[in-house]
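Peer 1: So that we are looking at the same thing, I have put the structure below in structure tokens.
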Amino acid sequence: MEVIILPNLDQAALLTARIVDKELRARPELVLGMATGRTMERVYADLVEMHCQEGLNFSHCRTFNLDEYIGLPADHPNSYRRYMQEKLFDHVNIDPACTHLPNGVATNLAWECRSYEALIQAAGGIDLQLLGIGASGHIGFNEPISALASRTREKALTPSTREQNAGMFGGDAEQVPPRAITMGVGTILEAKRCILVATGSAKADIVAKAVEGPITSMVTASALQLHPNCQVILDEDAAAELQGKGYYRWIFHNELEWQEFQHLQAPGARWAER
Ligand code: GLP
């Protein structure tokens, strides 16, 4: 695991988008794992800019989202399908047939989960998986005590997750569907590369547990410590409770692969700077 600490959300999102940009240019048929949530909105806005201004080409890539609420049809204003259309897919040259999310209104949800796994396998697996982290420590919707070997399945959401996500449902946690389909922790760990992005002081405690705490199903993001190619990209606020900040900064300064991104440590760095 590598931990990269940048001044604020702008830089954290920009580095994430630049990594996607670099991987997509190197391998246009990249299989991307997508996440939702407020943090990712900024990443997707930067990717849209890179598509419009720099010709970043999505026409050969395929995407698989982590999760979808059960009971929300694709065109529901709060579905993750709708989120992805509005934040990214409608604004770039991606083939709609190559974008995948679990179907939250499938009549046979167990079959839907199995076929989602099969689709990922058929695509050759996920090359680059983007992740956020919930207040409960979840990745995808893998709530506490999710098996670390779990696969795509139905999952009940914790009250804290429904509270956290209530903002998109008029502030009313009761409106947040109580269940979702999510890739499992085991599914996520099979991605060739994982990038977890977290910003803001509300994430500081759970980020410290995920990065420096024990690997535990109580904080499913901690399973990323097992992943051989995982970067955790944070702003200063989300990094506030980490013990090893000085060491992580030293690595970022000294690892050759990060040299081209050093300028992102300047608070004013913008998406157009390379
Ligand atoms: C939802 C998603 C998670 C995501 C989380 C973070 O719960 N299912 O995959 O990590 O939101 O959300 P935010 O970025 O809004 O804090």
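Mapping of the sequence shown onto the numbering used here: position 73 corresponds to residue 65, and the numbering continues sequentially without gaps. Glycine included, every Cβ here is placed at the ideal spot set by N, Cα and C.
1) Please report how far the alpha carbon of Asn100 lies from the alpha carbon of Asn57, in whole angstroms.
2) According to the Cβ coordinates, are Leu216 and Leu234 closer than 8 Å?
3) Considering only heavy atoms of the ligand GLP, does any lie closer than 7 Å to the CB of Arg30?
4) Going by Cα to Cα distance, which pick from Val203, Asn0 and Leu(-2) is closest to His130?
5) Let's test the definition: count the other Cβ atoms within 10 Å of the Cβ of Cys44 and tell me whether it reaches 16, buried, or not, exposed.
6) Can you name the start and end residues of the alpha helix (DSSP H) that Cys90 belongs to?
7) For the structure I just gave you, are there three or more beta carbon pairs, one from the region 219 to 236 and one from the region 1 to 12, closer than 8 Å?
8) Decide if the region 30 to 40 is in contact with the region 79 to 86; the criterion is three or more beta carbon pairs, one per stretch, under 8 Å apart.
9) Nearest by alpha-carbon distance to Val168: which of Pro20, Ala27, Gly176 and Asn157 is it?
10) Do Asp164 and Val23 have their C-beta atoms closer together than 8 Å?
11) Return the residue from the list Gly47, Leu64 and Leu123 that minimises the CA-CA distance to Val97.
12) Are the beta-carbon atoms belonging to Glu146 and Cys105 less than 8 Å from one another?
13) Could you tell me how far apart the beta carbons of Pro69 and Gln257 are, in whole angstroms, since I believe they sit closer than 8 Å?
14) What residue range is occupied by the uninterrupted beta strand (DSSP E) comprising Leu111?
15) Shortest alpha-carbon distance to Leu122 belongs to which of Glu46, Ala231, Lys195 and Ala190?
16) Look at the alpha carbon of Ala193 and the alpha carbon of His52, and state the distance between them as a whole number of angstroms.
17) Please state whether DSSP places Phe56 in a helix, a strand or coil.
18) For Phe244, verify whether its CB is less than 7 Å away from any heavy atom of the ligand GLP.
19) Mapping DSSP to helix, strand and coil, what is Leu48?
20) Could you check if Thr153 belongs to the surroundings of the ligand SAM, using beta carbon to heavy atom distance under 7 Å?
21) Report the option in Lys237, Val177, Gly162 and Thr179 whose CA atom is closest to the CA atom of Val199.
22) Between which residues of its own chain and Glu249 is the CB-CB distance below 7 Å, once the five residues before and five after are set aside?
23) Do Val211 and Lys201 have their CB atoms nearer than 8 Å?
24) Considering just the uninterrupted stretch of the alpha helix (DSSP H) at Gly178, what are its terminal residues?
25) Hey, how far is the Cα of Arg143 from the Cα of Ala114?
26) Arg266 to Pro259, Cα distance in whole Å?
Peer 2: The answer reads as follows:
1) Here the question's residue 100 lines up with position 108 in the sequence shown. Here the question's residue 57 lines up with position 65 in the sequence shown. If you draw a straight line from the Cα of Asn100 to the Cα of Asn57, it comes to about 19 Å.
2) In the sequence shown, counting from the first residue as 1, residue 216 sits at position 224. In the sequence shown, counting from the first residue as 1, residue 234 sits at position 242. No, Cβ-Cβ distance for Leu216 and Leu234 is not below 8 Å.
3) The count along the sequence shown starts at 1 and reaches residue 30 at position 38. Checking the Cβ of Arg30 against the ligand GLP gives yes.
4) As a working note, residue 130 is residue 138 in the sequence shown. When each option's Cα is compared against that of His130, the closest is Val203.
5) As a position in the sequence shown, residue 44 is number 52, starting the count at 1. Exposed.
6) As a working note, residue 90 is residue 98 in the sequence shown. Neither: Cys90 is in no alpha helix (DSSP H) and is coded neither H nor E.
7) yes
8) Yes, since at least three Cβ pairs between the region 30 to 40 and the region 79 to 86 fall closer than 8 Å, the two stretches touch.
9) Locating residue 168 in the sequence shown gives position 176, where the first residue counts as 1. The residue with the shortest Cα to Cα distance from Val168 is Asn157.
10) Locating residue 164 in the sequence shown gives position 172, counting from the first residue. Locating residue 23 in the sequence shown gives position 31, counting from the first residue. It is not a contact, given that the beta carbons lie outside the stated cut-off.
11) Walking along the sequence shown from the start, residue 97 turns up at place 105. Of all alpha-carbon atoms in Gly47, Leu64 and Leu123, the one lying nearest the alpha-carbon of Val97 is that of Leu64.
12) Locating residue 146 in the sequence shown gives position 154, counting from the first residue. Locating residue 105 in the sequence shown gives position 113, counting from the first residue. It is a contact, given that the beta carbons lie within the stated cut-off.
13) For the purposes of this step, residue 69 is identified with residue 77 of the sequence shown, where counting begins at 1. For the purposes of this step, residue 257 is identified with residue 265 of the sequence shown, where counting begins at 1. About 38 Å; that fails the 8 Å criterion.
14) Here the question's residue 111 lines up with position 119 in the sequence shown. Run containing Leu111: none in the beta strand (DSSP E); it sits in the alpha helix (DSSP H), Leu101 to Ala114.
15) The residue labelled residue 122 in the question sits at position 130 within the sequence shown. The candidate whose alpha carbon is nearest that of Leu122 is Ala190.
16) The sequence position of residue 193 within the sequence shown is 201, counting from 1. The sequence position of residue 52 within the sequence shown is 60, counting from 1. Contrary to the premise, residue 193 reads as Ser rather than Ala in this sequence. In a straight line, the C-alpha of Ser193 is about 37 Å away from that of His52.
17) The residue labelled residue 56 in the question sits at position 64 within the sequence shown. Strand at Phe56.
18) Taking the first residue of the sequence shown as position 1, residue 244 is located at position 252. Flag unset: Cβ of Phe244 not near the ligand GLP.
19) Mapped onto the sequence shown, residue 48 falls at position 56. Reduced to three states, the DSSP call for Leu48 is coil.
20) Within the structure as shown, the ligand SAM is missing, the only ligands being the ligand GLP.
21) The residue you call residue 199 lines up with position 207 of the sequence shown. Nearest option by C-alpha distance: Lys237.
22) For the purposes of this step, residue 249 is taken as residue 257 along the sequence shown, with counting starting at 1. Excluding residues within five positions, none has a Cβ falling inside 7 Å.
23) Against the sequence shown, residue 211 aligns to sequence position 219. Against the sequence shown, residue 201 aligns to sequence position 209. In this structure, Lys201 lies closer than 8 Å to Val211 by Cβ.
24) Translated into the one-based positions of the sequence shown, residue 178 becomes position 186. Taken as a continuous stretch (DSSP letters only), the alpha helix (DSSP H) holding Gly178 covers Val177 to Leu181.
25) As a working mapping, residue 143 is identified with position 151 in the sequence shown. As a working mapping, residue 114 is identified with position 122 in the sequence shown. Each residue's Cα considered, the two are about 16 Å apart.
26) Along the sequence shown, one-based indexing puts residue 266 at 274. Along the sequence shown, one-based indexing puts residue 259 at 267. Only weak support is given to the placement of Arg266: the predicted model assigns it a pLDDT of 47, under 50, and the value that follows is read from those uncertain coordinates. Approximately 15 Å between the Cα atoms of the pair.
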